[in-house]
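Visitor: Throughout, my numbering is defined as the position within the sequence shown, counted from one, plus 126.
Handing you a structure now.
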Amino acid sequence: MTTHPHAGGASENATTVALEVIKEKFDYPSPRQVLHKMQRLLFLR
Numbered sequence: 127m128t129t130h131p132h133a134g135g136a137s138e139n140a141t142t143v144a145l146e147v148i149k150e151k152f153d154y155p156s157p158r159q160v161l162h163k164m165q166r167l168l169f170l171r
């Protein structure tokens, strides 16, 4: 995944890290599915 340092901050960096962790943990083939999974995890909290 590509990051945009000029447009982001600590929160966006944390989001990128979370996406990488989820990607490894669930082994999803596409970032879009990882996003959906993360959104579900966040909404379920």
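No residue lacks a Cβ here, since even glycine has one placed at the ideal position from N, Cα and C.
Can you list, in chain order, the residues of its chain whose CB lies under 6 Å from that of MET164, leaving out five sequence neighbours each side?
Guide: Here residue 164 corresponds to residue number 38 of the sequence shown, with the count starting at 1. Result list for MET164: ILE148, in chain order.
Visitor: Classify TYR156 as helix, strand or coil using the three-state DSSP reduction.
Guide: As a first step, residue 156 is located in the sequence shown; it is residue number 30 there, counting from the start. The question names Tyr, but residue 156 in the sequence shown is Ser. Coil at SER156, not helix or strand.
Visitor: In angstroms with no decimal places, state the Cα-to-Cα distance between SER137 and GLU146.
Guide: As a first step, residue 137 must be located in the sequence shown, where it is residue number 11. As a first step, residue 146 must be located in the sequence shown, where it is residue number 20. Approximately 14 Å between the Cα atoms of the pair.
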